[in-house]
Structure formats: C-alpha cells, structure tokens
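In what follows, a structure is listed as structure tokens, so that the remarks can point back to it.
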Amino acid sequence: MNPGVTLSYCSFIIDFLRSNAKKFGFVPVLLTTITPAYADQFDTLNYIGSVAVDYDDNIYRLPSGADPQSLIGKSTKSDLIKIATLGINLDKKYSNQEVTFNATGSVYKYTNFTDLDYTSSSFKGGWNWQFTPRFSGSLNASRVETLNNPGDTKVFTRNLSTADSVSLKGDWWIHSNWHLLVSSSHGKTSNSVNTVNNLSTHNDSNELGVKYDHSNGKSIVLISRYLKAYNSNQTPDPVQLLDTGSNERQLDLQLSWELSGKSTLSGDLQYADHRNFNYSQRNYNGFEGGLNYELGISDKTTINMSFQRNLISWWDNFNSYYVSDNFSISPTWQLSAKRVLRMSISHGINEYHEPVFSGGNSRHDVTESIKIGYDWIPQRAVTLSASVQRNKRTSTPTAPVDYSGYGFIENSVLLSAQAYF
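The opening position of the sequence shown corresponds to residue 344 in our numbering, with each subsequent residue numbered one higher.
Quick look at the structure:
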C-alpha cells in the first residue's frame with residue numbers, strides 16, 4: 344500500500360472543495376482545519392470528502408413525447424450535475440455511554456437548469472445511553488435537506504424540502520427475555536413550494552411496546568403507535584375535502600430471525616387506522632408492512648430480497664390514498680478485496696382508492712427500476728464508484744380522467760470519488 348497515493352487523492356478532494364467554495368456559494372469551515380490522513384473504523388473522528396458528476400436525461404420526470412419547451416421553457420430535459428460534499432463523523436464512547444454525530448454539506452451545480460442549483464446541509468446526532476444494566480435507550484436529532492422529486496408534485500422550479508426530527512427511546516429489560524419499549528418523537532417538514540400532496544407538516548408520534556429477545560438472533564416486538572400530523576398553512580376546504588391534519592393509530596408486529604449463519608429473515612405486519620380531523624370521506628385503514636430476506640450464497644456473493652406494502656395519503660377528487668406494493672432483489676458480488684459489483688431490480692404497483700366525487704376513475708401506477716453499480720477501492724481511504732440506473736413509471740387510465748402525465752422514463756449515470764481522512 345502506498346500512503347502517498349492515498350494522500351494525493353485526499354488532497355485532490357480537499358483542494359477541489361477549497362478552490363470551488365466561493366464559486367459554489369458556501370465555505371466549509373472544516374476545510375481550513377483538516378489534514379489528510381488514513382481513516383480507521385476505530386477513529387473517534389473522521390472526515391469524508393467526495394466529488395461526483397451525475398448525468399440525468401429527464402430532470403423533471405416529464406412523460407414520453409412531452410414538449411420540454413412548452414412545459415419547462417427549455418428545448419432539453421437532461422442535465423449534467425456536479426456535486427461536491429464534505430462530511431464529518433464522530434463516535435465517542437464514555438463507559439456505557441456513546442455519543443455520535445454525522446454532518447455533511449453538499450453543493451449541487453446544474454449545467455442547463457442553473458435555477459436548480461442548491462446547497463444542502465444534513466446532520467444526525469445521538470446519545471446512546473445506559474443508566475443501569477436493565478435501562479437503556481437513545482436520544483436522537485436529525486436534519487435532512489433534499490430536492491423534491493417533481494414526478495408527483497409537477498413543480499417545475501426548485502423545490503427544497505427540509506426534514507427535522509428529534510426522538511427519545513427507552514428500553515427497560517423487565518425479566519428474562521422480556522423488554523418494555525417506549526418512544527416519543529417530533530418531526531417537521533418544510534417545503535419551499537407547497538402543493539396539495541406535498542405540504543409542509545409537523546407531526547408527533549408516541550409508542551409503547553413489548554419485546555421478546557431470545558438473544559440468539561431471534562426477536563419479536565409488538566408496538567402500539569399513535570401519530571398526529573398537522574398540515575401547515577392548510578385550512579379546511581369543504582369543496583375539495585382538503586384537511587388540516589390527521590390522527591393515525593397503528594398496531595405493529597415486528598420479527599427478526601437469524602435462520603442460519605448465512606441467512607436472516609426480518610419484517611413487520613402493521614394495521615393502520617387513518618382518520619382526518621374534519622372529513623371522514625378521506626379516512627382509510629388496512630394492513631401494511633414488509634418482509635426482508637438476506638442470504639449469503641457464498642463468501643463473496645450475497646442477495647437481498649424484500650417486499651414492502653405501504654398505505655399513503657393522496658388528495659385529489661377521485662383518490663384519497665394509495666396502496667404501494669414493491670418487490671426488490673439486490674445481489675452483491677465481492678469480485679476481489681478491492682472491487683464490488685452491485686445490482687438492484689425493483690417492481691412496484693400503486694393502486695389508488697376511495698374517490699370522494701363521482702364521475703371519475705382511480706389511478707393505477709406500475710413502476711420499474713434497475714441499477715448497476717461498481718465500487719473500486721484503490722487504497723484503504725479511497726473509493727471510486729460508477730453506476731447506471733433506469734426508472735420507469737406507467738400511469739393509467741387515460742379516460743375519463745387522464746393520468747398518463749404522471750408516467751415517465753428516466754436514465755442516469757453517476758461517477759464519484761470519495762476519500763476518508
């Protein structure tokens with residue numbers, strides 16, 4: 344292993360971020376304090392720097408055959424995005440206590456759609472505490488900033504979303520293999536552009552549960568959960584039956600089972616009862632959950648298969664919520680100590696339900712996605728990655744209400760270099 348090569352990669356990323364800080368519109372303070380060095384998984388403090396280019400041939404998820412000039416004001420719907428990121432990871436243990444903190448700052452620069460340029464900062468901090476051998480838990484806070492996907496919102500301008508959350512969890516080991524679980528959390532999501540199905544919200548969640556932990560890779564958890572969500576700046580609309588918020592009660596059964604040394608089965612089955620504050624016409628209930636199976640076929644090949652069902656609110660005249668069923672399979676091949684090949688294939692169906700007005704029809708979506716990625720680790724602290732991805736959604740029917748405008752095909756290619764120091 345040649346340390347000089349590793350240091351040159353780290354220096355390249357740091358110099359890139361330094362030289363482009365003003366151009367990108369942000370100045371990371373940490374750039375003036377860090378010195379390239381080998382990263383180690385046992386280090387208390389690590390830094391991460393990366394640069395990437397992402398080619399996307401359908402930035403706004405326009406339907407096939409749509410005229411981009413009339414919809415978004417440009418003759419093209421593709422773009423090349425340059426991304427620079429700097430992050431910090433902290434993990435410090437004090438006796439039975441552990442403090443963690445992760446933060447990243449990223450700059451996104453678009454070649455054609457420069458009005459989409461943005462800077463995002465995200466963090467996650469936690470205190471994993473243990474006061475006695477029988478009483479433990481965690482206190483966590485996080486913030487995530489992302490660019491909203493325009494596939495459903497149909498907002499053809501920059502629409503940034505900021506999600507903040509704080510949670511407190513407790514685990515009391517009662518007796519033998521039995522645990523009592525409690526949790527409380529508060530979250531808030533703010534969007535720079537609000538639409539009917541993408542509103543700024545704040546929500547509260549409280550949980551009480553019991554866990555049976557067999558301590559050999561097998562556990563069963565039963566949780567009763569109560570959620571309350573408020574839609575910001577939304578007043579009751581008796582015409583379109585748009586509400587100010589909702590309550591939801593959930594009963595959640597979770598399972599984790601280590602079948603063998605090479606396979607694990609996990610999943611949950613949940614019953615949800617969703618009720619709006621004012622308009623019962625949009626209430627719904629039903630089962631959701633998922634199943635995940637991970638198998639180590641050999642020392643170098645693993646495969647992950649999962650099925651997930653979710654019930655999701657959706658407001659329009661002919662739909663109040665939809666059931667999303669998604670199946671995915673993700674094999675991974677360890678080609679060598681420094682090379683990894685990954686693949687992910689998914690197929691999903693979204694069925695929309697509960698029309699509140701007559702004369703229309705409910706929407707139906709079929710989604711397909713395939714992604715192939717390759718990672719190369721030329722040195723211990725450096726990872727070079729490449730991936731290609733294709734996403735497709737077909738939305739029907741077309742009459743009497745036409746949903747075909749929600750369908751799209753999108754292809755992307757991503758190249759990135761990441762260094763740990």
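We treat Cβ as the ideally placed atom computed from N, Cα and C, and that holds for glycine.
- G560 counts as exposed, since fewer than 16 other beta carbons sit within 10 angstroms of its beta carbon.
- Going by beta carbons, G552 and K512 fall outside the 8 angstroms limit.
- Residues of the same chain with a CB within less than 7 angstroms of the CB of Y555, apart from the 5 flanking positions on each side, are N520, W521, S562 and I563 in chain order.
- Residue range P493 to T496 is occupied by the alpha helix (DSSP H) that includes P493.
- Cβ neighbours of Y453 within its own chain (closer than 7 angstroms, five residues either side excluded): D422, I424, L459 and D460.
- Closest in C-alpha terms to Y665, from the list Q651, N693 and T675, comes N693.
- In this structure, the alpha-carbon of L596 lies about 34 angstroms from that of L684.
- Here V450 is buried, its C-beta having at least 16 other C-beta atoms within 10 Å.
- When secondary structure is reduced to three states using DSSP, G632 falls in the strand class.
- The DSSP-derived three-state label of Y461 is strand.
- Distance from the CA of N628 to the CA of R723, rounded to the nearest whole angstrom, comes to 50 angstroms.
- Straight-line measurement puts the Cα of G430 at about 9 angstroms from the Cα of S465.
- By the Cβ criterion, the segment 673-680 is not in contact with the segment 700-708, since fewer than three pairs of Cβ atoms, one from each stretch, lie closer than 8 angstroms.
- Taking a contact to require three or more Cβ pairs closer than 8 angstroms, the segment 427-445 and the segment 400-410 do not qualify as touching.
- A Cβ-Cβ distance of about 6 angstroms is found for the pair S504 and T532, placing them in contact under the 8 angstroms criterion.
- In this structure, W657 sits away from L585, with a CB-CB distance that is not shorter than 8 angstroms.
- DSSP places S413 within a helical segment (H, G or I) once states are collapsed to three.
- Residue environment: L405 is assigned as buried (16 or more neighbouring CB atoms within 10 Å of its CB, all protein chains considered).
- Short of 6 angstroms from the beta carbon of S728, and not among the five residues preceding or following it, lie these beta carbons of its own chain, in chain order: D718 and S759.
- The closest CA to that of T544, considering only D668, G588 and V394, is found on G588.
- Cα atoms of N432 and I391: separation of roughly 8 angstroms, rounded to the nearest angstrom.
- In the displayed model, Q583 falls within coil according to three-state DSSP, outside both helix and strand.
- The three-state reading of DSSP puts Q593 in strand, counting E and B together.
- Residue state for G750 is assigned as coil, using DSSP reduced to three classes.
- With a beta-carbon spacing of about 5 angstroms, R652 and E631 fall inside the 8 angstroms limit used to define contacts.
- Its Cα nearest to that of S649, the residue N635 stands out among N635, I640, D642 and S641.
- In this structure, the alpha-carbon of R592 lies about 31 angstroms from that of N502.
- DSSP places Q624 within a helical segment (H, G or I) once states are collapsed to three.
- Across the structure, A572 and W470 are spaced so that their CA atoms are roughly 26 angstroms apart.
- In the assembly as shown, H617 is a buried residue. Its beta-carbon has 16 or more other beta-carbons within 10 Å.
- In the three-state reduction of the DSSP assignment, A762 falls in the strand class.
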